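Chains as they are written, first to last, in this note's numbering: chain A, 3 to 356; chain B, 3 to 356.
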């Protein structure tokens with residue numbers, strides 16, 4: 003007999019992975035082929051857990067869903083107002099844009115205000131999320147500039163903040179840089195709890211990125227939606243950022259992408275996705291934040307999981323459901339273009355009894 | 003209060019997703035960011051379940067791990083021997099190749115024997131798996147031909163079988179085509195159990211693809227490794243296919259890819275990956291088959307999950323561990339090329355007591 007390892011105590015015993023629940027299912031020929039599990043937390047501005055799936059307290063890296071909060075200091079310092087850049091630039095700073103010519107030009111305009119150019123960006127490069135733009139670059143054999151990185155707006159904003167506050171611009175992504183310290187400290191003040199990690203992680207764009215319970219991310223979006231801090235005090239910068247995102251949803255993602263469509267379709271919603279299967283929504287009217295983590299980090303599951311979570315929470319009216327249908331479920335096509343199956347969201351929420 | 007949906011009975015209650023266990027973990031800054039769960043079945047040629055993780059009886063689509071069995075009829079009919087194509091072509095028929103110039107030329111050589119050309123292929127097209135080839139095509143603005151599809155060898159084999167047995171070549175991927183009927187019927191005979199679905203699904207390459215318990219896939223690889231059927235009767239074609247795959251592992255996947263490296267590194271192993279997180283290995287010396295399903299279908303988790311499963315079963319000696327290290331774990335790099343975390347396999351196996 004082979005030398006088998008000892009049995010383990012139960013699922014996740016070795017990795018500490020908490021129990022998750024199916025949020026999206028991939029099927030082929032009418033049968034389940036793959037399952038995307040995950041976690042959901044629905045929290046109000048006061049921090050009450052209203053509903054959940056899986057483990058709402060699971061620690062996550064919010065990744066790009068942290069962007070609206072990374073923009074807070076540039077607004078509160080007055081730097082953004084003095085720049086006269088306008089809300090479309092603020093939405094880009096809080097967004098993960100498609101890297102279109104328009105997005106890149108707007109990021110460049112922010113950089114100009116900071117007196118630098120794209121060589122100052124430390125975000126690196128990737129193929130633009132906007133498919134038509136990516137195809138155009140390919141056809142021109144053109145390597146994408148850092149301006150087309152989905153985070154270039156955020157980075158340009160950080161550079162502008164550094165320049166205008168007399169901080170160095172070459173080290174703006176260092177966790178000890180004044181801009182980063184201010185971003186992290188202000189978030190702790192807003193949510194009323196300190197970060198658990200003494201040193202932040204590094205994001206896909208090389209900026210520092212924190213880790214927090216999913217419930218904290220959900221609450222942060224309830225605070226963004228209601229423009230208040232954890233103690234209920236008004237925070238004008240949150241209203242400014244929220245309204246900029248809602249006014250220019252095409253700069254928060256891009257045409258055809260989830261957050262752009264979601265903010266157009268759902269009244270009073272502000273939303274932002276993040277890498278590795280993160281999605282967060284704030285509902286202004288209800289004063290609630292909804293955070294979703296796809297456990298396996300898959301991008302394909304994000305729309306179905308996020309939309310089915312919103313549906314499960316009763317957020318979507320019939321027109322919104324129709325507009326979001328293409329993100330709630332979709333066909334699985336093969337190499338020859340045939341539809342061979344599909345993906346659909348299956349999120350269900352539990353709520354506290356009584 | 004919002005109108006919440008009713009609670010569910012437990013994880014997976016709605017989708018019927020059976021309990022899975024962590025097989026690979028993605029970390030950032032030393033903390034878990036994402037978890038890939040899944041299922042493992044280790045079965046001997048007699049069908050005994052020796053070890054497992056998650057639900058070894060979960061139904062899966064073996065996808066490309068079915069390819070060695072799709073090649074059985076062309077060998078048993080004598081069509082392959084009469085073609086004088088050689089074992090490297092048989093390995094390509096059973097493989098998911100990288101679409102290199104050499105792979106494409108070999109697929110084309112099979113088509114020539116069938117008296118057809120690449121226009122007869124129904125697999126569609128995709129960017130070649132071999133990265134250097136993909137980059138070369140991009141730099142030439144060249145669209146990939148169907149010959150570069152990872153399944154072109156399998157399709158060419160099916161076309162050759164159709165041509166040589168007097169069946170139509172234009173409908174060779176129809177589930178009712180004689181070639182497909184023979185493939186499916188012969189597999190049922192080999193494993194001694196009928197397929198559960200009256201109509202097969204459609205694979206990524208448009209060929210019919212079956213669904214079966216993970217234990218059946220594992221047992222099929224035990225039978226492939228031992229070249230016997232479920233009743234212990236010798237099956238020469240299985241030995242021929244197994245040996246072709248082991249002799250030309252570069253045609254089963256490609257340089258740098260999992261199955262190629264695994265078959266070179268592990269004595270007496272025959273292995274084949276499949277889309278949506280499938281991997282199967284047969285061990286000739288032990289008469290055992292090992293099948294892995296990443297529940298969420300992620301490609302990035304496949305190497306770490308498969309290698310850590312083999313390690314957990316005690317299959318890997320120190321040299322094999324070293325060679326496979328790059329597939330067992332790897333760094334997570336961001337847009338700027340910085341290492342920001344990593345992925346590693348964490349599979350653990352349980353075994354029957356006593």
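In this text, a Cβ means the ideal position worked out from N, Cα and C, and glycines have one as well. On a predicted model such as this, the values are computed, not experimentally measured, just so you know.
Residue 36 of chain A and residue 344 of chain A: beta carbons closer than 7 Å? Counted from its first residue, the first chain places residue 36 of chain A at position 34. Counted from its first residue, the first chain places residue 344 of chain A at position 342. No, the pair does not count as a contact, with Cβ atoms beyond the cut-off.
Pairwise C-alpha distance: residue 26 of chain A and residue 243 of chain B: Counting from 1 along the second chain, the entry for residue 243 of chain B is found at position 241. Counting from 1 along the first chain, the entry for residue 26 of chain A is found at position 24. If I take the Cα positions, the gap works out to 38 Å.
What in chain A is Cβ-close to residue 340 of chain B, meaning under 9 Å? Along the second chain, read from residue 1 onward, the residue named residue 340 of chain B stands at position 338. 126, 204, 208, listed in chain order.
Nearest chain A C-beta to residue 190 of chain B closer than 7 Å, yes or no? For this step, residue 190 of chain B is matched to residue 188 along the second chain. Chain A contact via Cβ: absent.
Closer than 7 Å between beta carbons: that is the criterion. Which residues of the stretch 319 to 337 of chain A meet it against chain B? 336, 337
Tell me where the alpha helix (DSSP H) around residue 245 of chain B begins and ends. In the second chain, the residue the question calls residue 245 of chain B occupies position 243. Run containing residue 245 of chain B: 238 to 249, per the alpha helix (DSSP H) assignment.
Relative to the C-alpha of residue 250 of chain A, which candidate in A:91, A:77, A:275 has its C-alpha closest? Here the question's residue 250 of chain A lines up with position 248 in the first chain. Minimum Cα distance to residue 250 of chain A is reached at A:91.
Counting only beta-carbon atoms, is residue 273 of chain B nearer than 7 Å to chain A? Counted from its first residue, the second chain places residue 273 of chain B at position 271. Residue 273 of chain B does not count as touching chain A.
For residue 33 of chain B and chain A, any beta-carbon pair shorter than 7 Å? Against the second chain, residue 33 of chain B aligns to sequence position 31. So, interface residue.
Start-to-end residues for the beta strand (DSSP E) that takes in residue 127 of chain B: Indexing the second chain from 1 puts residue 127 of chain B at position 125. First-last for residue 127 of chain B: undefined, no H or E at that position.
Measuring only the C-alpha atoms, how far is residue 304 of chain A from residue 338 of chain B? On the first chain, residue 304 of chain A is found 302 positions in, with the first residue counted as 1. On the second chain, residue 338 of chain B is found 336 positions in, with the first residue counted as 1. Cα-Cα distance, rounded: 24 Å.
Going along chain B, which residues have a C-beta under 7 Å from residue 42 of chain A? Position 40 of the first chain, counted from the first residue, corresponds to residue 42 of chain A. Ordered by position in chain B, no residue passes the 7 Å Cβ test against residue 42 of chain A, which lies about 12 Å from the chain.
Which residues of chain B have a Cβ atom closer than 8 Å to the Cβ of residue 71 of chain A, listed in chain order? Working through the first chain from its first residue, we reach residue 71 of chain A at position 69. Within 8 Å Cβ-Cβ: nothing; residue 71 of chain A doesn't reach chain B, min ~18 Å.
Residue 148 of chain B to residue 330 of chain A span [Cα, whole Å]: As a first step, residue 148 of chain B must be located in the second chain, where it is residue number 146. As a first step, residue 330 of chain A must be located in the first chain, where it is residue number 328. Cα to Cα, residue 148 of chain B sits roughly 32 Å from residue 330 of chain A.
With DSSP as the reference, please indicate the residues paired to residue 50 of chain A in a beta bridge. Residue 50 of chain A sits at position 48 when you count from the first residue of the first chain. BP columns for residue 50 of chain A are empty, so no partner.
For residue 63 of chain B versus residue 288 of chain B, is the C-beta distance shorter than 7 Å? Looking up residue 63 of chain B in the second chain gives position 61. Looking up residue 288 of chain B in the second chain gives position 286. No, the pair does not count as a contact, with Cβ atoms beyond the cut-off.
Identify the contact partners of residue 63 of chain B in chain A, using a Cβ-Cβ distance below 7 Å as the criterion. Looking up residue 63 of chain B in the second chain gives position 61. Listed along the chain, the chain A residues whose CB falls inside 7 Å of the CB of residue 63 of chain B are 30, 35.
Where the beta strand (DSSP E) through residue 337 of chain A begins and ends: On the first chain, position 335 is the one that residue 337 of chain A refers to. Neither: residue 337 of chain A is in no beta strand (DSSP E) and is coded neither H nor E.
Counting only runs that start and end within the stretch 26 to 113 of chain B, where is the alpha helix (DSSP H) found for 4 or more residues in a row? 69 to 72, 74 to 78, 81 to 85, 89 to 95
For chain A, find out if any of its Cβ atoms is closer than 7 Å to the Cβ of residue 93 of chain B; answer yes or no. Working through the second chain from its first residue, we reach residue 93 of chain B at position 91. No, residue 93 of chain B does not count as interfacial toward chain A.
To the nearest angstrom, how far is it from the Cα of residue 270 of chain B to the Cα of residue 226 of chain B? For the purposes of this step, residue 270 of chain B is taken as the residue at position 268 of the second chain. For the purposes of this step, residue 226 of chain B is taken as the residue at position 224 of the second chain. Rounded to whole angstroms, residue 270 of chain B to residue 226 of chain B spans 12 Å at the Cα level.
Closest to residue 71 of chain B by C-alpha separation, out of B:93, B:51, B:326, would be which residue? Looking up residue 71 of chain B in the second chain gives position 69. Measuring from the Cα of residue 71 of chain B, the nearest candidate turns out to be B:93.
Rounding to the nearest angstrom, what Cα-Cα distance links residue 12 of chain A and residue 312 of chain B in this structure? As a first step, residue 12 of chain A must be located in the first chain, where it is residue number 10. As a first step, residue 312 of chain B must be located in the second chain, where it is residue number 310. The predicted position of residue 12 of chain A is uncertain, since its pLDDT is 35 and thus under 50; no value can be drawn from it.
Closer than 7 Å, Cβ to any Cβ of chain A: which residues of the stretch 148 to 172 of chain B, in chain order? 151
Strictly under 7 Å for the Cβ-Cβ distance: is residue 281 of chain A near chain B by that measure? Here the question's residue 281 of chain A lines up with position 279 in the first chain. Chain B contact via Cβ: absent.
Using beta carbons (cut-off 7 Å, strictly below), is residue 278 of chain B in contact with chain C? The structure shown contains no chain C; its protein chains are A and B.
When you compare each of A:144, A:162, A:47, A:285 to residue 79 of chain A by their alpha carbons, which one comes out closest? As a first step, residue 79 of chain A must be located in the first chain, where it is residue number 77. Selected option, being the one with the closest Cα: A:162.
Quick check on residue 86 of chain B: buried or exposed, where buried means 16 or more other Cβ atoms within 10 Å of its Cβ? Translated into positions along the second chain, residue 86 of chain B becomes position 84. Flag for residue 86 of chain B reads exposed.
Reduced DSSP secondary structure (H/G/I, E/B, other) of residue 14 of chain A: Stepping through the first chain from its first residue, residue 14 of chain A is reached at position 12. For residue 14 of chain A, the predicted model reports a pLDDT of 38, less than 50, meaning its position is unreliable; a value from the coordinates is still stated below. Of the three classes helix, strand and coil, the one that applies to residue 14 of chain A here is coil, per DSSP.
Could you give the DSSP three-state label for residue 345 of chain A: helix, strand or coil? Translated into the one-based positions of the first chain, residue 345 of chain A becomes position 343. Residue state, collapsed to three classes: strand.
With DSSP as the reference, please indicate the residues paired to residue 353 of chain A in a beta bridge. For the purposes of this step, residue 353 of chain A is identified with residue 351 of the first chain, where counting begins at 1. The partner list for residue 353 of chain A (beta bridge, DSSP) reads A:53.
Proximal residues, the stretch 131 to 150 of chain A versus chain B, C-beta separation under 8 Å: 140, 141, 143
Could you work out which residue in B:192, B:142, B:106, B:194 is closest to residue 154 of chain B when comparing CA atoms only? Here residue 154 of chain B is taken as the residue at index 152 of the second chain, counted from 1. Of the candidates B:192, B:142, B:106, B:194, the one whose C-alpha sits nearest the C-alpha of residue 154 of chain B is B:106.
Opposing strand residues paired with residue 272 of chain A [DSSP bridges]: To locate residue 272 of chain A, count along the first chain from 1; it is residue 270. DSSP lists A:284 as partners of residue 272 of chain A.
Beta-carbon spacing of residue 211 of chain B, residue 47 of chain B below 7 Å: Position 209 of the second chain, counted from the first residue, corresponds to residue 211 of chain B. Position 45 of the second chain, counted from the first residue, corresponds to residue 47 of chain B. No; because the gap between Cβ atoms is not below 7 Å, this pair is not in contact.
Let's see if you can read the secondary structure: which residues bound the beta strand (DSSP E) around residue 293 of chain A? Position 291 of the first chain, counted from the start, is the residue given in the question as residue 293 of chain A. Segment 290 to 296, the beta strand (DSSP E) holding residue 293 of chain A.
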